[in-house]
Structures are given as structure tokens and as C-alpha cells.
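Reading through the C-alpha cells given below for one structure.
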Amino acid sequence: MAGAVTVFSKEDVKRPKHSTEHPVVQWLLIGLALLFLALVVLLPLASVFVEALRKGVGVYIDALTEPDALSALKLTLIVALIAVPANTIFGVAAAWAISKFKFRGKNFLITLIDLPFAVSPVIAGLIYMLMFGAQGFFGPWLSDNGIQIMFAVPGIVLATIFVTVPFVARELIPLMQAQGVQEEEAASVLGAKGWSIFWRVTLPNIKWGLLYGVILSNARAMGEFGAVSVVSGHIRGQTNTLPLHVEILYNEYQFSASFAVASLLVMLAVVTLIVKAIVERKSSSH
Amino acid sequence: MKGSNNKKVLPGFGISLGFTLFYLSLIVLIPLAGIFFKSFELTWAEFWAAVTNPRVLASYRISFGSALWAGLINAVFGLLIAWVLVRYRFPGKKLIDSLVDIPFALPTAVAGIALTTIYAKSGWIGSLLDPLGIKIAYTQAGITIALIFIGLPFVVRTVQPVLQDFEREMEDAAATLGAYRFRTFRKVILPELMPALLTGFALAFARGIGEYGSVVFISGNMPMKTEIAPLLIMTKLEQYDYAGATAIAAVMLIVSFILLLIINLLQWRMQRKAAANA
Numbered sequence: 001m002a003g004a005v006t007v008f009s010k011e012d013v014k015r016p017k018h019s020t021e022h023p024v025v026q027w028l029l030i031g032l033a034l035l036f037l038a039l040v041v042l043l044p045l046a047s048v049f050v051e052a053l054r055k056g057v058g059v060y061i062d063a064l065t066e067p068d069a070l071s072a073l074k075l076t077l078i079v080a081l082i083a084v085p086a087n088t089i090f091g092v093a094a095a096w097a098i099s100k101f102k103f104r105g106k107n108f109l110i111t112l113i114d115l116p117f118a119v120s121p122v123i124a125g126l127i128y129m130l131m132f133g134a135q136g137f138f139g140p141w142l143s144d145n146g147i148q149i150m151f152a153v154p155g156i157v158l159a160t161i162f163v164t165v166p167f168v169a170r171e172l173i174p175l176m177q178a179q180g181v182q183e184e185e186a187a188s189v190l191g192a193k194g195w196s197i198f199w200r201v202t203l204p205n206i207k208w209g210l211l212y213g214v215i216l217s218n219a220r221a222m223g224e225f226g227a228v229s230v231v232s233g234h235i236r237g238q239t240n241t242l243p244l245h246v247e248i249l250y251n252e253y254q255f256s257a258s259f260a261v262a263s264l265l266v267m268l269a270v271v272t273l274i275v276k277a278i279v280e281r282k283s284s285s286h
Numbered sequence: 001m002k003g004s005n006n007k008k009v010l011p012g013f014g015i016s017l018g019f020t021l022f023y024l025s026l027i028v029l030i031p032l033a034g035i036f037f038k039s040f041e042l043t044w045a046e047f048w049a050a051v052t053n054p055r056v057l058a059s060y061r062i063s064f065g066s067a068l069w070a071g072l073i074n075a076v077f078g079l080l081i082a083w084v085l086v087r088y089r090f091p092g093k094k095l096i097d098s099l100v101d102i103p104f105a106l107p108t109a110v111a112g113i114a115l116t117t118i119y120a121k122s123g124w125i126g127s128l129l130d131p132l133g134i135k136i137a138y139t140q141a142g143i144t145i146a147l148i149f150i151g152l153p154f155v156v157r158t159v160q161p162v163l164q165d166f167e168r169e170m171e172d173a174a175a176t177l178g179a180y181r182f183r184t185f186r187k188v189i190l191p192e193l194m195p196a197l198l199t200g201f202a203l204a205f206a207r208g209i210g211e212y213g214s215v216v217f218i219s220g221n222m223p224m225k226t227e228i229a230p231l232l233i234m235t236k237l238e239q240y241d242y243a244g245a246t247a248i249a250a251v252m253l254i255v256s257f258i259l260l261l262i263i264n265l266l267q268w269r270m271q272r273k274a275a276a277n278a
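Listed in order, the protein sequences are those of chains Z and C. To convert, note that position 187 of the first sequence is 187 in the UniProt record's numbering; the numbers rise steadily by one, no gaps. To convert, note that position 10 of the second sequence is 10 in the UniProt record's numbering; the numbers rise steadily by one, no gaps.
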């Protein structure tokens with residue numbers, strides 16, 4: 001067989017008896033997996049649109065265009081516009097240091113970057129309350145100088161940044177570690193300087209992973225609920241983000257309006273996953 | 001790492017590491033340390049009283065218990081889904097694979113209201129279960145369902161790559177030696193998958209104990225019965241009981257740190273093993 005060019009896909013190769021499942025067992029397992037996914041993931045997703053349109057398209061559009069919804073949308077966009085670039089710069093810097101150099105305590109640093117994943121979002125809000133709230137460590141000084149962080153936009157931005165710190169870094173670190181340092185070293189030997197090495201050599205190699213990291217942290221930034229809920233103060237039209245607006249409408253029994261706003265966030269999630277699929281295709285074709 | 005003395009060749013080590021440490025300290029480490037500083041304002045007796053109050057203990061039991069159940073159920077079904085996605089061929093597989101990531105990308109509050117609507121008495125699934133006397137929304141079962149939703153991708157996405165790289169020769173060898181399929185699975189495949197499965201379980205569990213957004217809607221929030229620990233922190237904050245809120249948070253943080261440590265140890269072991277096999 002040596003030199004034969006016949007290509008077998010892995011599944012086509014004849015396997016010994018007992019080394020795969022009987023087709024009936026296979027279909028049973030597939031059915032069970034699909035049933036579980038339908039009950040836990042698909043039905044909730046579908047229900048958002050069904051509930052949102054239950055009272056008709058008119059109510060749906062009204063819910064999305066009333067002033068409170070628009071101001072929540074605006075605040076959500078502002079918060080994401082600050083939090084995502086900040087964490088992108090952090091993620092690139094952290095990945096550069098971790099993947100291109102050797103130093104002690106690297107694994108510990110990676111664990112620290114992961115820390116926000118393990119902390120409850122409510123605690124993420126609480127820590128900023130303890131720092132900047134009226135009874136917080138800096139509270140008296142802030143109020144003397146007329147600076148408001150809690151129950152205002154800066155607090156919401158800070159809590160959102162905390163929750164989304166790891167995403168870009170976590171996407172880039174394994175990618176850049178796998179790529180090694182040869183290309184950058186070659187560029188450096190040929191005379192390229194710091195930024196031009198990054199822009200011309202590193203960035204083209206990591207752009208798809210970076211894009212997915214940015215898109216995912218954007219989805220999390222726009223959708224964050226627990227942390228923002230602690231620090232926002234829920235002032236309608238002022239410190240309400242889209243997820244908080246969903247909550248308020250839901251608690252006021254305006255279910256259709258609540259699900260209408262929620263459907264925007266579902267679309268955000270779906271777009272995020274479409275981008276992920278594109279990124280995976282692009283990076284596997286390279 | 002490839003490239004021996006790269007410190008001299010590549011620029012930017014000082015500034016990138018410096019910025020990373022500065023940013024992490026400012027955003028994550030110093031604020032988190034505040035929890036422990038605030039806890040020190042309490043005497044030991046006050047702290048102990050705050051974290052062992054019956055309502056607080058009940059909230060820990062509900063948070064940890066639900067997260068444990070959700071983690072176990074996810075370990076079983078997450079493994080099943082990863083297995084089906086890696087080993088079998090069926091129409092719509094790509095789409096199903098993407099569906100697994102939905103809980104990562106969907107805001108938790110949206111998941112919360114959607115699950116509540118479906119599993120409430122009048123909902124699509126709740127109305128089927130209600131005649132059987134099974135209630136899910138506003139019980140601990142509801143909390144567990146929300147945590148299953150949140151945790152599922154963690155298990156699938158940690159098990160899937162390991163299963164993909166799995167050496168099928170070992171299975172074939174076991175089969176050739178006469179082992180039946182289930183025995184091969186139990187004796188050959190499962191032990192190899194165990195570190196990944198444990199990591200996925202620990203990630204889902206860690207995420208579950210802190211989860212707030214998806215749970216508050218479906219839980220009903222009854223003290224002693226369906227009140228999770230993060231919600232109790234929220235309630236204490238609304239009553240300006242900062243010390244009480246912080247004490248509960250400190251206990252949860254310590255558990256999270258321990259879990260994170262275990263997860264990282266498991267992942268280093270998996271990486272070393274993968275490197276040894278390569």
C-alpha cells in the first residue's frame with residue numbers, strides 16, 4: 001500500500017468488530033444529545049422571539065424605539081466602546097509578554113488573568129462599591145471633590161472591564177505561543193523595529209484570533225448583568241444598560257417589551273457565533 | 001519555548017509586562033483585595049456570626065448544591081454531546097456544534113427570563129410537567145436548570161479537543177483483544193478523558209456558584225429555600241449592610257480561588273501529558 005494515493009477518511013477505514021457503536025446505539029446517543037440541547041439551549045432561544053412577537057410587530061417596534069430603550073442602547077454601546085478597546089490593548093500586551101519571552105511566574109500570571117472568570121459578577125460589582133461607594137475607601141474623598149463613580153457611567157464601565165478582562169488575552173496567548181518567535185526574530189534581525197514587527201509580522205498572524213477575542217468580549221460587555229446591576233443604581237434613562245432594561249420591563253410584567261429588547265441581545269449573540277465560525281474557517285484554511 | 005535568548009532580540013518585554021501587571025493590579029487585584037480589607041474591619045466573632053447565620057448557610061447550600069448537580073449533569077451530557085460531535089456524522093452537525101456556544105455569548109439575563117418562561121407553570125415545558133406534579137420554575141430544580149445552561153459549553157469545549165486527538169489505535173487494540181464496546185469505553189477511553197472531564201466539571205461548577213443573572217428570575221428568591229448566595233450579597237448591599245455582604249463574598253472568593261487553583265493544576269497536567277505524547 002505504500003505510495004498508494006487512495007485517501008480514506010477516518011470513518012471509512014474498516015475497524016475491528018466492537019470498536020464502534022451499533023448504528024442503532026449511535027442514533028440513540030445522537031437523539032439524546034439533541035434532545036438535551038433542545039430542552040436546555042434551543043427552546044429558550046426560540047421562546048425569546050415567540051414572546052417578543054406575541055403582541056404583534058407594532059409592540060415589538062415600540063419597545064425598541066421608546067426613549068428608555070434607546071438610552072439603554074446608547075449607554076450599552078458607550079460602555080462597550082470603552083471597555084472593549086481597553087481590554088484589547090491589555091490582552092495584546094499580556095499575550096506579547098507571555099508568549100514571546102521567558103520569565104518566572106508565567107503560569108501564575110496566566111492564573112491571575114483568569115481570575116475574573118472565577119469571581120461571581122455580583123462580587124465584581126461589590127469590590128468597586130467598597131472602593132468608590134459612599135461608604136467606600138475613596139468614597140469621602142470622591143464626594144468632597146464632586147466625582148461620582150458609583151451609580152454612574154464610570155462605575156458601570158469599571159465593572160464591565162473587570163468582567164471582560166480575560167477574553168482577548170485568553171484567545172491570543174495560546175495562539176501566539178503556538179506560533180513561536182522565529183518570524184519576529186527574523187524581522188528583528190533584518191532591522192525591523194518594535195512597532196513595525198508587531199504591525200507587519202505578528203498582527204497578520206493573529207488577526208482572526210484577535211477579532212474573535214474582541215467580538216466575544218464585546219458580547220460579554222454588552223450583556224453583563226450581575227456586576228452592572230450592583231453598581232448602576234438602576235436609574236431609568238440614565239444608568240440602565242440593555243440587560244438591566246430587560247430586567248426592569250420583566251419585573252413590571254411588560255413581558256413582550258422585555259423579550260423584544262432581549263431579542264436584540266440574542267441577535268448580538270448569534271452574530272458573535274457567526275463571526276466565530278468564520279474565524280475558525282479562516283484560521284483552519286491557513 | 002522556541003528561540004533561546006530571545007530577550008535580547010525582541011523588543012517590548014519591559015513595557016508589555018509592566019503594563020500587564022499595572023492594569024491587572026488596578027482593575028482586578030487591588031479591588032479584590034478590598035474584600036479582605038473590609039472583612040478585617042469585623043472581629044473574628046462578628047465575621048463568624050455573619051457567615052454562619054442560618055439564612056447565609058442556606059444560601060451557600062443552595063448555591064453550592066445546585067452548582068454541584070448542574071456540574072454533574074453537564075459532565076454526563078457534555079461528554080455525550082462532545083462524543084456525538086466528534087465521532088458520529090449526522091445532518092446539521094455544524095449548526096449543533098455552534099449551538100453549544102450560545103450560553104457563552106448570550107447575556108445571562110436573557111437566558112434567565114427565557115428559561116423562566118419555558119419552565120413556569122404556563123410555559124412550553126412547565127405546562128407538560130405541571131399535571132405530573134413536577135414544578136421547576138421557582139424551585140431549586142429551576143436554579144439547577146439555569147446553571148446547566150450556563151455550564152454546558154465548559155464541559156463540551158474541554159472534552160471535545162481531547163476526544164479529537166484521542167488515539168483510536170488503543171480502542172482498536174482493546175477491541176481486537178476481545179473487549180466489548182462498553183468495556184473499552186470504561187477501561188480505555190474514560191480514564192484518558194478524565195482530566196478534561198474534571199476540568200470541565202470544575203469550570204462549570206465554579207461558574208455556577210457565582211452565577212446571578214440567569215438564576216434570579218427562575219429561582220423565586222425565597223429566603224432559606226431558593227435564595228442563592230450572590231443574591232443575598234445583593235440584598236445585604238441594598239440594606240447598606242456592606243460588612244455582611246463582604247463577609248459572604250469573602251467565603252465565596254476563597255472557594256473560587258481554590259477551584260481556580262485545582263483547574264489550573266489539572267490543565268498543566270493535561271498540557272504536560274499532551275506534550276509528552278507529541
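Ideal Cβ placement from N, Cα and C applies to all residues, glycine included. Since the model is a prediction, treat every value here as computed from it, not as a measurement.
Examine chain Z for any beta-carbon lying closer than 7 angstroms to the beta-carbon of C:ALA105, and answer yes or no.
Numbered from 1 along the second sequence, position 105 holds the residue referred to as residue 105 of chain C. Judged by the 7 angstroms Cβ criterion, C:ALA105 is in contact with chain Z.
With a threshold of 7 angstroms between beta carbons, is C:THR144 in contact with chain Z?
The residue given as residue 144 of chain C occupies position 144 in the second sequence. Among the CB atoms of chain Z, none fall inside 7 angstroms of the CB of C:THR144.
With a cut-off of 7 angstroms, does the C-beta of Z:LYS100 fall near any C-beta of chain C?
As a working mapping, residue 100 of chain Z is identified with position 100 in the first sequence. At least one C-beta of chain C is nearer than 7 angstroms to the C-beta of Z:LYS100.
Which chain C residues sit within Cβ distance under 9 angstroms of Z:GLY223?
Position 223 of the first sequence, counted from the first residue, corresponds to residue 223 of chain Z. Listed along chain C are ALA105, LEU106, PRO107, THR108, ALA109, VAL110, GLY213, each with a C-beta nearer than 9 angstroms to that of Z:GLY223.
Quick check on Z:LEU85 - is its C-beta less than 7 angstroms from some C-beta in chain C?
Mapped onto the first sequence, residue 85 of chain Z falls at position 85. Note on identity: in this sequence residue 85 of chain Z is Pro, with Leu being the wrong assignment. So, not an interface residue.
Flag this pair as yes or no: are the beta carbons of Z:ASN87 and Z:VAL165 separated by less than 7 angstroms?
Residue 87 of chain Z sits at position 87 when you count from the first residue of the first sequence. Residue 165 of chain Z sits at position 165 when you count from the first residue of the first sequence. In contact: Z:ASN87 and Z:VAL165 (Cβ atoms closer than 7 angstroms).
Taking 7 angstroms as the cut-off, decide whether the C-beta atoms of Z:GLY139 and Z:GLY133 are in contact.
The count along the first sequence starts at 1 and reaches residue 139 of chain Z at position 139. The count along the first sequence starts at 1 and reaches residue 133 of chain Z at position 133. A contact, by the Cβ cut-off of 7 angstroms.
Comparing C-alpha positions only, which one of C:ALA105, C:ALA45, C:PHE37, C:LEU95 sits nearest to Z:ILE215?
Along the first sequence, read from residue 1 onward, the residue named residue 215 of chain Z stands at position 215. Relative to the Cα of Z:ILE215, the nearest Cα in the group C:ALA105, C:ALA45, C:PHE37, C:LEU95 belongs to C:ALA105.
Assuming the contact rule is C-beta atoms closer than 8 angstroms, C:VAL84 and Z:ALA33 should be a hit. Round their C-beta distance to whole Å, please.
On the second sequence, position 84 is the one that residue 84 of chain C refers to. On the first sequence, position 33 is the one that residue 33 of chain Z refers to. Their Cβ separation, rounded to whole angstroms, is 4 angstroms, which keeps C:VAL84 and Z:ALA33 in contact under 8 angstroms.
Rank C:LYS121, C:PHE13, C:ALA247 by C-alpha distance to the C-alpha of C:PHE40 and give the top, closest one.
Along the second sequence, read from residue 1 onward, the residue named residue 40 of chain C stands at position 40. Considering only C:LYS121, C:PHE13, C:ALA247, the residue with the shortest C-alpha distance to C:PHE40 is C:ALA247.
What residues in the region 217–241 of chain Z have a beta carbon less than 9 angstroms from any beta carbon of chain C?
Residues of the region 217–241 of chain Z that bring their beta carbon within less than 9 angstroms of a beta carbon in chain C comprise ALA219, ARG220, MET222, GLY223, GLU224, PHE225, GLY226, ALA227, SER229, VAL230, in sequence order.
Three-state secondary structure (DSSP) of C:ALA245:
Walking along the second sequence from the start, residue 245 of chain C turns up at place 245. Helix at C:ALA245.
Extent of the continuous alpha helix (DSSP H) run through C:TYR119
What you label residue 119 of chain C is simply residue 119 of the second sequence in a count that begins at 1. C:TYR119: member of the alpha helix (DSSP H) spanning 108–119, first to last residue.
Measure how close the beta-carbons of Z:GLY223 and Z:LEU175 come, nearest whole angstrom, since I'm counting them as under 8 angstroms.
Here residue 223 of chain Z refers to the residue found at position 223 when the first sequence is read from its first residue. Here residue 175 of chain Z refers to the residue found at position 175 when the first sequence is read from its first residue. Incorrect: roughly 24 angstroms between the Cβ atoms, too far for contact.
Using a Cβ-Cβ distance cut-off of 7 angstroms, determine whether Z:GLU184 contacts chain C.
Along the first sequence, read from residue 1 onward, the residue named residue 184 of chain Z stands at position 184. For Z:GLU184, the answer is yes, since a Cβ of chain C falls inside 7 angstroms of its Cβ.
Does Z:GLY58 come within less than 7 angstroms of chain C when only Cβ atoms are used?
Stepping through the first sequence from its first residue, residue 58 of chain Z is reached at position 58. Not an interface residue.
Mind checking the region 23–41 of chain C against chain Z and listing, in chain order, the residues whose C-beta falls within less than 9 angstroms of any C-beta there?
Contact residues of the region 23–41 of chain C toward chain Z are TYR23, LEU24, ILE27, VAL28, LEU29, ILE30, PRO31, LEU32, ALA33, GLY34, ILE35, PHE37, LYS38 (C-beta to C-beta distance below 9 angstroms).
Taking 7 angstroms as the CB-CB limit, is C:ASN74 close to chain Z?
Translated into the one-based positions of the second sequence, residue 74 of chain C becomes position 74. With 7 angstroms as the cut-off, C:ASN74 does not count as an interface residue toward chain Z.
Using a beta-carbon distance below 7 angstroms, is C:VAL9 in contact with chain Z?
Taking the second sequence and counting its residues from 1, the one referred to as residue 9 of chain C is at position 9. Taking Cβ atoms only, chain Z reaches closer than 7 angstroms to C:VAL9, which makes this a yes.
Check each candidate in Z:TRP208, Z:ASN240, Z:VAL48 and name the one with the smallest Cα separation from Z:PRO154.
Start at 1 with the first residue of the first sequence, and residue 154 of chain Z comes out as number 154. Of Z:TRP208, Z:ASN240, Z:VAL48, the residue nearest in Cα terms is Z:ASN240.
In the structure shown, what three-state DSSP assignment does C:ASN74 receive?
Translated into positions along the second sequence, residue 74 of chain C becomes position 74. Helix.
Expected contact under 8 angstroms - CB spacing of C:PRO107 and C:ILE150 to nearest Å:
By one-based count along the second sequence, residue 107 of chain C stands at place 107. By one-based count along the second sequence, residue 150 of chain C stands at place 150. About 11 angstroms separates the Cβ atoms of C:PRO107 and C:ILE150, ruling out a contact at the 8 angstroms cut-off.
Count the other CB atoms, across all protein chains shown, that sit within 10 Å of the CB of Z:THR160; report buried if there are 16 or more and exposed otherwise.
On the first sequence, position 160 is the one that residue 160 of chain Z refers to. Counting Cβ neighbours within 10 Å, Z:THR160 comes out buried, since at least 16 surround it.
Selected residue, minimal CA-CA separation from C:ILE189, among C:ARG61, C:LEU79, C:ILE113, C:VAL28
For the purposes of this step, residue 189 of chain C is taken as the residue at position 189 of the second sequence. For C:ILE189, the closest alpha carbon among the candidates C:ARG61, C:LEU79, C:ILE113, C:VAL28 is that of C:LEU79.
Hey, is C:GLY210's beta-carbon within less than 7 angstroms of any beta-carbon in chain Z?
Locating residue 210 of chain C in the second sequence gives position 210, where the first residue counts as 1. C:GLY210 counts as touching chain Z.
Coarse secondary structure for C:ALA137, derived from DSSP in three states:
Position 137 of the second sequence, counting from 1, holds the residue named residue 137 of chain C. In this structure, C:ALA137 counts as coil in the three-state DSSP scheme.
Kindly indicate the opening and closing residues of the alpha helix (DSSP H) around Z:ILE156.
For the purposes of this step, residue 156 of chain Z is taken as the residue at position 156 of the first sequence. Taken as a continuous stretch (DSSP letters only), the alpha helix (DSSP H) holding Z:ILE156 covers 153–164.
What residue range does the alpha helix (DSSP H) around Z:GLY223 cover?
Your numbering for residue 223 of chain Z matches position 223 in the first sequence. Where Z:GLY223 is concerned, the enclosing alpha helix (DSSP H) stretches over 203–223.
Given that Z:ASN107 touches chain C, what residues does it touch there, using C-beta distances under 8 angstroms?
Looking up residue 107 of chain Z in the first sequence gives position 107. Listed along chain C, the residues sitting closer than 8 angstroms to Z:ASN107 by beta-carbon distance are ASN264, TRP268.
Report the three-state DSSP secondary structure of Z:GLY91 (helix, strand or coil).
In the first sequence, counting from the first residue as 1, residue 91 of chain Z sits at position 91. In the three-state reduction of the DSSP assignment, Z:GLY91 falls in the helix class.
With distance defined between alpha-carbon atoms, name the residue in C:GLU169, C:SER256, C:ALA243, C:ARG269 nearest to C:GLY37.
As a position in the second sequence, residue 37 of chain C is number 37, starting the count at 1. Looking at the sequence provided, one finds Phe at residue 37 of chain C rather than Gly. Checking every option, the nearest Cα to that of C:PHE37 belongs to C:ALA243.
I need the boundaries of the alpha helix (DSSP H) containing Z:GLY226, first residue and last residue.
Locating residue 226 of chain Z in the first sequence gives position 226, where the first residue counts as 1. Residues 226–232.
In terms of residues, what are the limits of the alpha helix (DSSP H) holding C:ASN214?
Here the question's residue 214 of chain C lines up with position 214 in the second sequence. Note that residue 214 of chain C corresponds to Ser in the displayed sequence, not to Asn. Residues 213–219.
If you measure from the beta carbon of Z:TYR250 to each beta carbon in chain C, is any gap under 7 angstroms?
Counting from one through the first sequence, the residue named residue 250 of chain Z turns up at place 250. Yes - at least one Cβ of chain C is within 7 angstroms of the one on Z:TYR250.
Residues of chain C with CB under 9 angstroms from Z:SER258, in chain order?
Here residue 258 of chain Z refers to the residue found at position 258 when the first sequence is read from its first residue. Against Z:SER258, the close residues of chain C are ILE113, in the order they occur along the chain (beta-carbon pairs closer than 9 angstroms).
Nearest chain C C-beta to Z:MET131 closer than 7 angstroms, yes or no?
Within the first sequence, residue 131 of chain Z is the residue found at index 131, counting from 1. By the rule that beta-carbons nearer than 7 angstroms mark a contact, Z:MET131 touches chain C.
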